[in-house]
Amino acid sequence: MSEASFVQVGGTTRYFDPWLRDTHLTYTVTHRHESFETPFQTIDVFEAEGWGTVLALGGVTNVTDRDESGYHEMLAHPALLAHPNPKRVLIIGGGDGGTLREVLRHPEVQRAVLVDIDGEVIRCARQYFPQCAVALDDPRAEVIVGDGLAYVEDAAAAGGQFDVILVDSTDPVDAAVELFTEKFYRHCAALLGDRGILVPQSDSPTFYLDRVAHVVATLRGIFAHTRLYLGQVTAYPGGVWAYTAASNGIDVGRAIDPAGPRVRALEPLLRYANGPFIAGAFALPTYIARRLAGAGPTALPTLADDPAGFAV
Numbered sequence: 342m343s344e345a346s347f348v349q350v351g352g353t354t355r356y357f358d359p360w361l362r363d364t365h366l367t368y369t370v371t372h373r374h375e376s377f378e379t380p381f382q383t384i385d386v387f388e389a390e391g392w393g394t395v396l397a398l399g400g401v402t403n404v405t406d407r408d409e410s411g412y413h414e415m416l417a418h419p420a421l422l423a424h425p426n427p428k429r430v431l432i433i434g435g436g437d438g439g440t441l442r443e444v445l446r447h448p449e450v451q452r453a454v455l456v457d458i459d460g461e462v463i464r465c466a467r468q469y470f471p472q473c474a475v476a477l478d479d480p481r482a483e484v485i486v487g488d489g490l491a492y493v494e495d496a497a498a499a500g501g502q503f504d505v506i507l508v509d510s511t512d513p514v515d516a517a518v519e520l521f522t523e524k525f526y527r528h529c530a531a532l533l534g535d536r537g538i539l540v541p542q543s544d545s546p547t548f549y550l551d552r553v554a555h556v557v558a559t560l561r562g563i564f565a566h567t568r569l570y571l572g573q574v575t576a577y578p579g580g581v582w583a584y585t586a587a588s589n590g591i592d593v594g595r596a597i598d599p600a601g602p603r604v605r606a607l608e609p610l611l612r613y614a615n616g617p618f619i620a621g622a623f624a625l626p627t628y629i630a631r632r633l634a635g636a637g638p639t640a641l642p643t644l645a646d647d648p649a650g651f652a653v
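Structure follows, in structure tokens:
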């Protein structure tokens, strides 16, 4: 419940975002905008000292003014830059609009479809995150309130095609679990051409490395090329976030020219990413590389599997 996350401490309202059972990111709340439940999750929107506006879904930070650009830029741009001509893009989740904003910075994109299960996230984005929501009304964008798994199943059955699919989901809890399954990834693969690219957000390598390894191992069983890369998202558990780029025709980690004309045209529009940084994001710390080297097919880790204790 929302009220469990808001705690009065010495006359100050604080919001506790659980990273692990006994480890939290704590915000000093200066104003509460909204707290309510939808059929899918609890939504909290508030102002926090040093962070600006914060959107939390299910008690977990989703978007903050301070660092949303880092997450959205790194989810979108590696795949869009690696693909030679990304005309059609599908975003599953991402109702805040930030990933869509980054996708539409690429002039090659002619159509971008965003499917989010919770229309209230889209409504909150329009009201509280205009810097993200501006993309929701772009004429190239189609915004659908609906189930992402059902959308890819139906689109694949109908012979739909996309050049890039980005999975901007919440963590694998409740309805979002389906977006971390082999079934979902295979439907995505069916929607991609030979040079199509899939990138799901892949969780925290600091605290939830088994989740990351599960995503990588599952995608390795479907795609010829699978590359993990990292970015900084200060408000997310551990401050470092993982993404996995998968394709049957493109090795995303090798396909980006960090000084090429597309990168040079994009860089002035970005706050976080640049060509050399994106290229370097595929270089992994030793502990992650070793874990992935031995990653085979596994079930998605659950609370009982993790001795550190999942927060959610």
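Counting from 342, one number per residue, gives the positions in the sequence shown under this note's numbering. Note that beta-carbon positions come from the ideal geometry of N, C-alpha and C, so glycine has one too. Bear in mind the structure is a predicted one, so any value in this text is a computation, not a measurement.
Closest to residue i by CA distance: which of the options is it?
i: Ala458; options: Ile432, Leu445, Pro626; result: In the sequence on display, residue 458 carries Ile and not Ala. Of Ile432, Leu445, Pro626, the residue nearest in Cα terms is Ile432.
i: Glu390; options: Ile384, Asp408, Glu409, Thr369; result: Thr369
i: Phe387; options: Val475, Leu477, Val404; result: Val404
i: Thr371; options: His365, Phe377, Gly352, Arg568; result: Gly352
i: Ala453; options: Arg467, Glu461, Gly435, Cys465; result: Gly435
i: His566; options: Val581, Asn589, Pro480; result: Asn589
i: Glu523; options: Arg429, Val348, His555, Asp358; result: His555
i: Val593; options: Glu409, Pro546, Asp406, Leu416; result: Leu416
i: Gly635; options: Ala622, Gly621, Ala558; result: Ala558
i: His374; options: Val395, His365, Leu366, Thr364; result: Val395
i: Leu445; options: Ile384, Phe470, Leu507; result: Leu507
i: Tyr577; options: Ala496, Asp495, Thr511, Phe470; result: Thr511
i: Asp363; options: Leu520, Phe548, Tyr492; result: Phe548
i: Phe521; options: Ala614, Leu560, Tyr570, Asn615; result: Leu560
i: Tyr628; options: Leu550, Ile463, Gln382; result: Leu550
Could you please give the first and the last residue of the uninterrupted beta strand (DSSP E) stretch that includes residue i?
i: Pro359; result: 353-361
i: Asp504; result: 503-509
i: Glu388; result: 383-389
i: Gly434; result: 429-434
i: Ile485; result: 482-486
i: Phe623; result: It is not in any beta strand (DSSP E) - Phe623 carries neither H nor E in the DSSP assignment.
i: Phe347; result: 347-350
Does the beta-carbon distance from residue i to residue j come in below 8 Å?
i: Ser346; j: Gly393; result: no
i: Gly439; j: Cys473; result: yes
i: Ala397; j: Val505; result: no
i: His413; j: Glu443; result: yes
i: His742; j: Arg536; result: The first residue shown for the chain is 342 and the last is 653, placing residue 742 beyond what the model contains.
i: Val553; j: Ala586; result: no
i: Phe503; j: Val430; result: yes
i: Asp544; j: Ala499; result: no
i: Thr402; j: Leu366; result: yes
i: Val456; j: Lys428; result: no
i: Tyr526; j: Ile563; result: yes
i: Gln542; j: Asp509; result: yes
i: Ala630; j: Tyr570; result: no
i: Cys465; j: Ile384; result: yes
i: His418; j: Ala606; result: no
Could you please give me the residues that DSSP links to residue i through a beta bridge?
i: Trp582; result: Gly572
i: Thr559; result: Answer is none; Thr559 lacks a bridge partner.
i: Ala397; result: Asp385, Thr402
i: Leu656; result: The requested residue 656 does not occur in the structure, where the chain is confined to residues 342 to 653.
i: Asp457; result: Val486
i: Thr567; result: Ala587
i: Leu539; result: Ile506, Ala587
i: His372; result: Glu388
i: Val493; result: Note: Val493 sits in no beta bridge, so no partner.
i: Glu378; result: Thr383
Could you tell me the alpha carbon to alpha carbon distance between residue i and residue j, rounded to whole angstroms?
i: Gly601; j: Ile619; result: 12 Å
i: Pro380; j: Pro617; result: 42 Å
i: Leu361; j: Gly580; result: 13 Å
i: Tyr356; j: Thr575; result: 16 Å
i: Ile597; j: Ile591; result: 10 Å
i: Gln573; j: Gly411; result: 6 Å
i: Leu611; j: Val475; result: 15 Å
i: Arg671; j: Leu490; result: No statement about residue 671 is possible, as the shown extent of the chain runs from 342 to 653 and does not include it.
i: Thr354; j: Ser376; result: 14 Å
i: Leu532; j: Gly487; result: 18 Å
i: Pro648; j: Pro359; result: Reliability of the predicted coordinates at Pro648 is poor, the pLDDT of 42 falling under 50, and no value is obtained from them.
i: Ala517; j: Asp437; result: 16 Å
i: Gly534; j: His528; result: 12 Å
i: Ala496; j: Arg632; result: 34 Å
i: Pro300; j: Arg568; result: This structure cannot settle anything about residue 300, because the visible part of the chain is limited to 342 through 653.
i: Arg407; j: Glu608; result: 19 Å
i: Ile463; j: Glu494; result: 23 Å
i: Val348; j: Glu378; result: 18 Å
i: Glu483; j: Ala624; result: 35 Å
i: Glu519; j: Pro546; result: 20 Å
i: Val350; j: Gln382; result: 26 Å
What span of residues does the alpha helix (DSSP H) with residue i cover, start to end?
i: Ala531; result: 523-532
i: Leu477; result: Element bounds for Leu477: n/a, residue is neither H nor E.
i: Glu449; result: First-last for Glu449: undefined, no H or E at that position.
i: Val593; result: 593-596
i: Val518; result: From DSSP, Val518 is part of no alpha helix (DSSP H); its letter is neither H nor E.
i: Gly411; result: 409-423
i: Leu607; result: 602-607
Confirm the yes/no value for this check: CB of residue i, any heavy atom of the ligand SAM, distance under 7 Å.
i: Val462; result: The ligand content of the structure shown is nil, which means the ligand SAM is not present either.
Is the CB of residue i under 8 Å away from at least one CB in chain C?
i: Pro602; result: The structure shown contains no chain C; it is built from a single protein chain.
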